[in-house]
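In this text, residue positions in the sequence shown follow my numbering: the first is 991, and each later residue adds one. Every residue, glycine too, gets a C-beta built ideally from N, C-alpha and C.
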Amino acid sequence: MPPKTHQSTRQVYLLPLTDAGAPDVPNEYIYLPAPTEPAYYLRFAIEGTSSICRQGSLWVNFPLNDQPFDRNRYHEFKLHPDFNRTLEIDIPITSAGAFSFYTTYTPLPEFSTSDVEPPKPTRTPTYYVDIEPKLHLGGGTLPLDALGIFSVVSKFMGKYPEDWDKHLRGISARGYNMVHFTPLQTRGESNSPYSLYDQLAFDPELFPGGEDDVAKMIKSMEDTHELLGLTDVVFNHTANNSKWLEEHPEAGYNVETAPWLESALEVNNRLLEYSDKLESLGFATEFRNADDLNKAVDGIRPHVIEKIRLWEYFVCDVKADAQATIDAWKQGAVTLPAEGFENAIGGGLDTVKSWNLRQKAAFLHDKGMLNGLRIDGRFSRKVNPEIAAAILTALFGRYEDGANTNAATDEITAILNELNVPFYQEFNDDSAAIIEQTRGRLQYTRMDPNGPRLGPITKENPLIETYFVQLPENETTKKHNPRALYLAVNGWIWAADAMKDNAGPDWRPYLRRELIPWSDCVKLRYGKGPEDNPYLWEHMTKYVRLMAKYFTAFRIDNCHSTPIHVAEYLLDEARKVQPNLAVFAELFTGNEQMDYVFVKRLGLSALIREAMQAWSTQELSRIVHRHCGRPIGSFEINVPSRSANKPTENPVNGSGPQTKEVVKHIRESPVHALFMDCTHDNEMPAQKRDARDTLPTAALVNMCACATGSVMGFDEIYPKLVEIVHEDRKYTSISSEGEVHTGAGEGGIAGVKKLMNHIHTMMGKDGYDETFLHHEGELITLHRVHPDSRKGYFLIAHTAFPGYGNGNGGLSPVHLAGTKARPLGAWVLEVDQSEQAKKAALEDSEYLVGLPARVRNIKGSTITHENGDTTITVADFFPPGSIALFETWVPSAEHSQGLGTFISSGTDEAFGGLDLIDLNFVLYRSDAEERDLSDGQDGVYNIPGYGPLVYAGLQGWWSVIEPIVRRNDLGHPLCNHLRQGQWALDFLVGRMERISKQEGFSRLLKPAQWLKERFDAVRTIPSFLLPRYFALICQIAYNAAVKRAVELMSPNIQHGQNFLQSLALVSIQQTGYVKSASLWPEKRVPSLAAGLPHFAVSWARCWGRDVFISLRGLFLCTGRFEEAKEHIKAFGSVLKHGLIPNLLSSGAAPRYNSRDSPWFFLQNIQDYSKIAPEGAEILKMKVPRRFLPYDDTWFPWDDPRAYSKESTVEEIVQEILQRHASGLSFREYNAGPELDMQMRPEGFQIDVHVDWSTGIIFGGSQWNCGTWMDKMGESERAGSKGVPGTPRDGAAVEITGLHYSALRWVADLHQAGQYQWSGVKTEAGAEISFVEWANRIKANFEKCYWIPLDPKDDIEDDVDPRIINRRGIYKDLYRSGKEYEDYQLRPNFPIAMVVAPDLFTPQRALHALKMADDVLRGPTGMATLDPSDLNYRPYYNNSEDSTDFATSKGRNYHQGPEWLWPTGFFLRALLYFDLQRRSDSAGRLESFQQVTRRLAGCKQAIKESPWKGLTELTNKNGSFCADSVSRARRPFCRATTNGVTVSHASMVGGLHD
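Quick look at the structure:
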């Protein structure tokens, strides 16, 4: 006995890829939780038919097999096409960070009947997967949403270690768990923490012991204070006096490394000179008014721009370039552009001669510039003299010795002057920008009351802020070019493109003075990679590795200005040292999509967002709402999966040990936030609002479901922003001096902050991620709860903005439905904000101190409980600066098993015993079917404000719920309806219980009981939670029912793709019981509907043609052989006139007006015999006969003669063949208006005969329409009543093919001894064998139907060249009543190809299919008529009652609209004949992919349809058809509904092939 395989449960996150290889996730943002032990898996799910599977590979750079991460090492997973299932590639997630993937594949070529050049292999874009870091603290893990971060400016911390230790203790005592340090490195001469003198050295003033001190500090933080460390990393710049720059000036931007900055440097330096000369030039050096400023600025043009001849940087040197061109022309050094004059300009030499001056200059501008259009120096824009000489050659011919060059010189000079016109305009634009940017900056720095008011212009305080710093001249720097010692500073540009290098060659902000400079910071020049600047890359790599050695997290300063490839590289290096590195970023791109780019590529844990940016309570509520979490009652997209066993060993569809899985969908995720109540860059509340707002803002931030943070001085109520560059006082905090007590206290809000931090961390760890925020006047309430336990915390915050006074804000009583609440406290912050208090705080010479402040306890509110609800009323004294905090819980959610666990349990037992007919009731049932079965009492559910469901069963509900859940649309009418009452729950349970009591439906008792118990468990929960739990229960039940349905089908369905399974489920939609229709008049059995909802009951339900177009796909291919056999038996029983009825009417009143029905019937018996187990036995099946064999006498179904005789299926087959061989001629029973009110009397006459010279069957007339294109004209106004739109009399091509298929089949059966007859007797009594009959058809088929490509071949076929509209196709008809209709291109010939391929010459067949592909095929359906045909009318409108004979009352039903069911036959034919020409596996693979590519529209359609089916037809190019039913007698349904039975059947049949 083999050992038992260990079975475990593993977590899987499902990542479906689109056909183009992109992640099918909103914003393509994939953010997954921290790695677990054992590892969870990321599953790439790729349809086996996807385009990327064509010679495809998935490449991922996740580290596998314990390998270290290398961004450039990708692992290849071959994508082998599989047309039966979805490829699944499982990647274990073992590391945090940013990972990427892409696919390579060879695109599918356009389908062609001739050889085409194969497409070149291609590569998709790179996509990213971000994995949350796993942070550890205090023996446990700390999710990012549980972080409480505290910022300190390191240089204010005091003496290490004593001052640092007391501050760290105070930070920890307040409940923070991570400390953010501004850079700890030695600072540059400006003393700014972000101007680093040496990235590799810690500040000796802070840490005398250097790195050892830092190591000890971090250890103490983690072990003693339970604090993690976060530090800034500065990638963009270094201090202007960094010593290492003297050795390596190439690390910055100078005129050697960035020659395009030469003009900017010259402008900058000349502006400084101009600043020194202002007074001597007569300008004011201290601006007392705008006139003083404007005069000085206006002097820039003559004294700077014109003085340095700035235009020379923009224009060509006309004289020099003209001479170089003449020299090249004289020497014969002439070069045409790579594509020559013809392709470059769209004409030859004569065209050049006709050009005007502007065209010649434009040619040189586009094709003849040597260095593009870059400005590298004076006259750096040069033309290529050899290309310019080509123009002269075109104009003057080749130069000959002694020729006069004056004309040529004049010509090229004129061209060059014209070329310079736009360059001079550039100069003008940039000059104007220089002046206006300088003006604007001066207005702010010198005159704006809110600016720095820099005072008089001096040598030390010049007119401008310099854009370049000059390295000192010394022994180190003297080896460099002196001009290389001028290095560009870094800075900020408004609305800059974050992906663009602002000091690069493609942009000129340094010249145009658009930069707001940081003159103490030299901008670092990384180039494209380490090879461009080896020292810099090595230096900065050492820096980040050093930081990662000690710190758990980074804050990337100025991330938006960091080249993204640089940040990517440096973070990779840091993660080698600290694999679980959390990375936060100061990122202000101004574009959410650009934020996503940085977040995805860098694996950013969160972006820093600031509550202090709000200017009002309303704006604060908006910002808090953005970061507080999902809405309360949000839908859960990840329901517990069914207990499916999956192999685990092989990452690609492997076959290792079995495991149970929980498969989760990847949620849409916003960019995560680190939400700060205040940062070290923000003004304090005392400056920006009211100091009392400190407490409500802090509380609101801490209630958010994200990482939160604060800064030293905020809790302490500092009076203003601490200026980090020039300030040198040290921190003080009451929290650092003693124990921090929870709640009220002196010296700030530390006591309340302690409580809020602890609650925030607990909620973050436990997953409290649902919130509800309400803003009312000056107050904001915020409720945050756990999605499962429903425990939570409720906050009332009275904000304090200027002018709010001291009232309680007038908050309306807060009603918490079904919720209990317990007060945890209420507090008010009181602050002395007097000018004296502010002055005293600001004038302390040694320490940074806060305003006098205290938090005191207040009553805050009153709570009342009534009927399980809670009402909270704010007390009279609740002024701005007050908060009240409550603990909440929902008693009804406290289930003994856990409510979620109970809801998801028991599905296998409840649904596992159902059969497919039971599931028709559980999942589907249209309104007509429901009312039919309930005698009109019950229908589908109608949602107020939305409308009726498409089904009464679970699919009807899930079609509405699924998009609600996906979009978390809690405002949907269904959600509102559920909050208003529990009628929907009653409907679902009541319906299931009611039907379970009917005979034959007892198996529904179990799912009815399951639903009742689950709904009973949630009936007492608050109404605002009911939508969530209702959706959860419906989803679990729906999944269980679908799972059971698939289990009951054939293996190819069970293991097939989602599309195939969706199509197969239509067989359950369409097959069920109704009272008013059956297959038999005397007993009720399940029957196949022609389409829902309009052809669901009574006489309209069951149609012979439609059943037997559909039976193969919906019954045989799905393994429903008993249902197939029952339908064959029932329709065989009503054989009459040698025909199968189109309208069955339960066998009571069948109608015989369909010439193609018997042939589809015979084809399905043939298919059954070949597909079903022991299928040939069906020929022996006994069939009771509704009418007497070979006797056309009509009598009612209850006549004694009815069902008095029996025939075998074999005898029925023979009767059909014999009756057609003998010829049919009869008038329909009960002919007249009662039978068909539209038909003319002559239309009721049915005639069918065989032309024995060809063996082909002919039938019908111009007054009836006996094939599936059976639209009868109805408009009296247009004169079309009784005139068929498409009579298709004569020999329809599909009937000929079906007829031939039947003959070949019975001939083979006879030869095998399984069929007793060898042939039939003709009308004249002559015997003819099946073989001979079939051979006659085959010998004549192409002669009768093929329309030759070459008119020379017309003589070989039966064609009239005068009528031919399109060649290289097969006729739709042969010898019809209107000859031109024979030659129409319609989608019927592929039906014949599928059932009788040997009638067709393969090359001709393929050409005709290509023609149909190009001309008829739409996104989902096949146009029913060639668009070049004069009768083509592709827009169907049955309600039109006009005078238009062609379209009135929808007569054009089959004259252009695109029907879906022929698409299946077309694709089957295409596959068959395309495979015939393929000689290798690659070619055969291409055939399959060509077919599956053409299914894309149908896949999308069935996915999006609420009916979960395909429509009957569309208008032109797949456009929506709102009125696709001509009258109630069509065997299909409206385009707005579930769709045609035959549409799905043909698709399933195609996929089966």
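Just how far apart, CA to CA, sit residue i and residue j?
i, j, result
"N2254", "V2273", "8 Å"
"P1133", "K1755", "6 Å"
"P2417", "T2276", "16 Å"
"A1787", "E1426", "46 Å"
"V2358", "H1555", "Going by the sequence as given, residue 2358 is Gly instead of Val. Their backbone Cα atoms lie some 56 Å apart in a straight line."
"T2312", "G2250", "19 Å"
"G1430", "R1159", "47 Å"
"A1241", "R1177", "19 Å"
"G934", "R2423", "Residue 934 falls outside the range modelled here, since the chain spans only 991 to 2543, and no answer is possible."
"A2316", "W2242", "11 Å"
"Y2019", "E2113", "37 Å"
"D1366", "T1456", "20 Å"
"A1010", "Q1927", "49 Å"
"E933", "I2202", "Outside the displayed range of the chain (991 to 2543) lies residue 933, so it cannot be described from this structure."
Looking at residue i: is its Cβ nearer than 8 Å to the Cβ of residue j?
i, j, result
"P1709", "A1564", "no"
"A1088", "R1682", "no"
"F1073", "F2478", "yes"
"I2236", "Y2364", "no"
"F1574", "H1550", "no"
"G1782", "G1858", "no"
"Y2443", "N2505", "no"
"V2199", "I2247", "no"
Contact defined as beta carbons within less than 8 Å: I believe residue i pairs with residue j. What is the distance between those atoms, to the nearest angstrom?
i, j, result
"L1560", "G1593", "Their Cβ separation, rounded to whole angstroms, is 12 Å, which puts L1560 and G1593 out of contact at 8 Å."
"L1964", "Y1936", "6 Å"
"Q2025", "I1933", "That pair is no contact at about 17 Å."
"I2284", "D2146", "Residue identity check: residue 2284 is Glu in the sequence provided, not Ile. Going by Cβ atoms, the distance from E2284 to D2146 rounds to 7 Å, so yes, they are a contact pair."
"I1124", "N1570", "For the sequence presented, residue 1124 should be read as Lys rather than Ile. Right, their Cβ atoms sit about 5 Å apart."
"G2094", "L2134", "6 Å"
"T1112", "S1090", "Wrong, their Cβ atoms sit about 17 Å apart, outside the cutoff."
"H1227", "N1492", "Not confirmed; about 12 Å, so no contact."
From the DSSP output, read off the bridge partner residues of residue i.
i, result
"L2237", "First, the residue type needs correcting, since residue 2237 is Asp and not Leu in the sequence shown. DSSP, once it has assigned bridges, lists S2215 as partnering D2237."
"D1859", "E1856"
"C1511", "A1229"
"S1700", "F1140"
"G2249", "V2238, G2280"
"T1076", "E1037"
"Q1175", "F1192"
"L1772", "L1763, L1785"
"F2085", "G2081"
Examine the ligand GDP and report whether any of its heavy atoms sits within less than 7 Å of the Cβ of residue i.
i, result
"G1937", "This structure lacks the ligand GDP; in fact it carries no ligand of any kind."
(message) Please give the ranges of any beta strand (DSSP E) in the segment 1193 to 1245, keeping only runs that are unbroken, at least 3 residues long and fully inside the region.
(response) List check, beta strand (DSSP E) in window: 1218 to 1223, 1227 to 1229.
(request) Kindly provide the ranges of any alpha helix (DSSP H) runs that are 4 or more residues long and lie completely inside the segment 1672 to 1749, ordered along the chain. (result) 1675 to 1678, 1684 to 1692
(request) Entirely within the segment 2106 to 2134 and at least 4 residues each: give me those alpha helix (DSSP H) ranges in chain order. (result) 2111 to 2123
(message) As an exercise, report each continuous alpha helix (DSSP H) stretch of at least 4 residues that is fully enclosed by the segment 2311 to 2394, in chain order.
(response) 2320 to 2335, 2369 to 2372, 2379 to 2385
(request) Could you tell me which uninterrupted beta strand (DSSP E) segments, each at least 3 residues in length, are contained entirely in the segment 2150 to 2230, listed from first to last along the chain? (result) Counting only runs of 3 or more, we get 2172 to 2175, 2195 to 2198, 2214 to 2217.
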